[in-house]
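See structure below.
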Amino acid sequence: MNDSLIQKTTAFFQETFGNVPEKIVLSPGRINIIGEHVDYNDGFVLPAAIDKIICFAFEKSNTTTSKIVAIDLNQEFEVDLLQDIELSSTVWNNYILGVLKQLQDNGFEFSGVNCVFSSNIPVGSGLSSSAALECGFLFGLNELFDLKIKPIDIALMGQKAEHWVGINCGIMDQFASVHGLENKVIKLDCNTLEFEYHNADFKDYALVLLDSNVKHSLFTSAYNKRREECEEGLAIIKANFPEIKSFRNCTEAQLLTLKDKMDIVVFTRVLYVVKEIARVSKACEALDAGNIELLGKLLFENHDGLSKEYEVSCPELDYLVDLALADEAVIGSRLMGGGFGGCTITFIKKGKEEAVKQKFAQLYQEKWNIELKIYDVKIGNGTSLYNAN
Ligand code: GLA
Numbered sequence: 103m104n105d106s107l108i109q110k111t112t113a114f115f116q117e118t119f120g121n122v123p124e125k126i127v128l129s130p131g132r133i134n135i136i137g138e139h140v141d142y143n144d145g146f147v148l149p150a151a152i153d154k155i156i157c158f159a160f161e162k163s164n165t166t167t168s169k170i171v172a173i174d175l176n177q178e179f180e181v182d183l184l185q186d187i188e189l190s191s192t193v194w195n196n197y198i199l200g201v202l203k204q205l206q207d208n209g210f211e212f213s214g215v216n217c218v219f220s221s222n223i224p225v226g227s228g229l230s231s232s233a234a235l236e237c238g239f240l241f242g243l244n245e246l247f248d249l250k251i252k253p254i255d256i257a258l259m260g261q262k263a264e265h266w267v268g269i270n271c272g273i274m275d276q277f278a279s280v281h282g283l284e285n286k287v288i289k290l291d292c293n294t295l296e297f298e299y300h301n302a303d304f305k306d307y308a309l310v311l312l313d314s315n316v317k318h319s320l321f322t323s324a325y326n327k328r329r330e331e332c333e334e335g336l337a338i339i340k341a342n343f344p345e346i347k348s349f350r351n352c353t354e355a356q357l358l359t360l361k362d363k364m365d366i367v368v369f370t371r372v373l374y375v376v377k378e379i380a381r382v383s384k385a386c387e388a389l390d391a392g393n394i395e396l397l398g399k400l401l402f403e404n405h406d407g408l409s410k411e412y413e414v415s416c417p418e419l420d421y422l423v424d425l426a427l428a429d430e431a432v433i434g435s436r437l438m439g440g441g442f443g444g445c446t447i448t449f450i451k452k453g454k455e456e457a458v459k460q461k462f463a464q465l466y467q468e469k470w471n472i473e474l475k476i477y478d479v480k481i482g483n484g485t486s487l488y489n490a491n
């Protein structure tokens, strides 16, 4: 699947610029097993890179101007590094511009590039195509100009580029895109950025992504609002329990004593956060122990919290999880990523996948008159150079 993407991108580069690309970079999307909306709350997350990628082909332009071509969109734009970098009205341009701005703001010496890219990561499905775009583009410039940026800083600068575009995201997506490893999930401590790899062995269960095919335009403002609500809640926790430095040190019992001191919405958000941070550790232990049934149960619990406490679900996603709850062949399912649309991550008993997929697709179509998209993903490597030889 990715071979044809790489061939297409390389051929397009040659047709456009008349040269063989100097560098080819592959940058993946990500899944997240559990740990949702806790990366910006000093929690733990359990993501992995996937075998859906963006392929970039690059050369130096030897001028101060960069030309970037998005093959799939049939769009291109140019940017002159001598001019101030400003937000564009074309969203995808901003991820590239955000990376260039990060490099400039951090004093790196580089000049223009010619770049084409093409992707098989579904956009707006919660698989972090934007993180793949930022990290892959930055990785390519790092290689071309020998900037010596470390992987962790590629992730952090990618995150800052996303902030510049307008979403105050955590570090999970960029971290997973950069640090992914085949067949491993990453347990990332979002406070210290320490991480460890755990085997992604789901035993008798297949991991399937069910794409609700809905995207909500209020995503950015709702996401940023959640972050503010959590900050407000944490400030109240700290004021009452000075020994608590972050959500992970706060117990549910301590939080309950503060119920009257917080706005009810803020209380409900932070209650979710405290419970979810504890859930991730349990889930990782269940995975290591091969107890995928328990892992699945924790996924269902997580969805319930995301839907009722954190309120980032939508009726279509809730419906998919309800179907999963009612089906014996499915042991866990939850919305994945920021929410308000996108995919559920779902574990289905091996051998029953096709029947479940067919049934869910039909029921979903009947209920919402929307096609359910289904992705079987493999856990793959992080952003890397492609070497044809
Ligand atoms: C988006 C953000 C991440 C993370 C998730 C929710 O994907 O980019 O940083 O907060 O939502 O877990």
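First residue of the sequence shown: 103, per my numbering; consecutive thereafter. Where is the CB? At the ideal position from N, CA and C, for every residue including glycine.
From residue i to residue j, what does the alpha carbon distance come to, in whole angstroms?
i	j	result
L207	E264	It should be noted that the sequence gives Asp, not Leu, for residue 207. Roughly 15 angstroms between the two C-alpha positions.
Y307	D182	50 angstroms
K159	A278	The displayed chain sequence assigns Ala, not Lys, to residue 159. The straight-line gap from Cα to Cα measures roughly 22 angstroms.
D144	E296	12 angstroms
F119	T112	11 angstroms
N471	N315	11 angstroms
F321	L389	31 angstroms
Y124	E161	Correcting the residue type first, residue 124 is Glu in the shown sequence and not Tyr. Taking the straight line joining both Cα atoms gives about 5 angstroms.
H300	N244	28 angstroms
V287	L358	33 angstroms
Q204	S163	20 angstroms
R436	P344	34 angstroms
S231	R132	8 angstroms
H281	Q464	37 angstroms
D303	K110	33 angstroms
E211	F241	15 angstroms
A426	V218	40 angstroms
E468	E418	12 angstroms
D186	T167	12 angstroms
D141	V147	7 angstroms
K347	K289	21 angstroms
C514	S213	Any property of residue 514 remains undetermined from this structure, which presents the chain solely from 103 to 491.
I152	N270	23 angstroms
Q116	G440	37 angstroms
P149	N351	22 angstroms
W266	S319	18 angstroms
I254	D275	12 angstroms
Quick check on this structure: which residue in the options has the alpha carbon closest to the alpha carbon of residue i?
i	options	result
L311	L290, E330, L474, I254	L474
D429	N404, P130, G398, E298	G398
S106	S220, R371, E138, S213	S220
E284	A337, C332, I481	I481
F402	F369, E378, D390	E378
G434	T167, T446, G441, G440	T446
G94	L202, P253, K317, I394	With the chain running from 103 to 491 in the structure shown, residue 94 is simply not present.
K340	Y325, R328, E180, M364	M364
T192	Q185, F179, L202, L184	F179
F449	E117, N134, I273	N134
E395	L202, K305, G444, G440	K305
I223	Q261, Q356, M103	M103
V225	H139, A151, I155	I155
E138	M438, A150, C332, C416	M438
K451	V368, A431, F442	A431
V414	D424, G444, E387	G444
What first and last residue would you give for the alpha helix (DSSP H) that runs through residue i?
i	result
R350	It is not in any alpha helix (DSSP H) - R350 carries neither H nor E in the DSSP assignment.
Q261	253-267
E395	394-410
L373	366-390
V423	417-427
Q185	From DSSP, Q185 is part of no alpha helix (DSSP H); its letter is neither H nor E.
S106	104-119
V510	No answer is possible for residue 510: the residues shown for the chain start at 103 and end at 491.
I198	193-207
V432	Element bounds for V432: not the alpha helix (DSSP H) but the beta strand (DSSP E), 432-437.
I338	321-342
L240	231-246
Which residues mark the beginning and the end of the beta strand (DSSP E) in which residue i is found?
i	result
K286	286-291
A151	149-162
A172	167-172
I476	475-478
H300	297-301
C217	215-221
Quickly, what does DSSP pair residue i with across the bridge? List them, please.
i	result
T485	BP columns for T485 are empty, so no partner.
A308	I450
V140	BP columns for V140 are empty, so no partner.
Q177	A172
Report yes if the C-beta of residue i is less than 8 angstroms from at least one heavy atom of the ligand GDP; otherwise report no.
i	result
G440	This structure lacks the ligand GDP; its bound ligands are the ligand GLA.
Worksheet item: At a cut of 8 angstroms, does the region 245-252 reach the region 460-474 through at least three beta carbon pairs?
Response: no
Item to complete: Check whether the region 476-490 touches the region 120-133, taking contact to mean three or more Cβ pairs, one atom from each stretch, closer than 8 angstroms.
Response: yes
Discussion item. Quick test of the definition: if touching needs 3 or more C-beta pairs under 8 angstroms, does the region 409-421 touch the region 366-374?
Written reply: yes
Discussion item. With three or more beta-carbon pairs closer than 8 angstroms as the criterion, would you say the region 185-203 touches the region 226-240?
Written reply: yes
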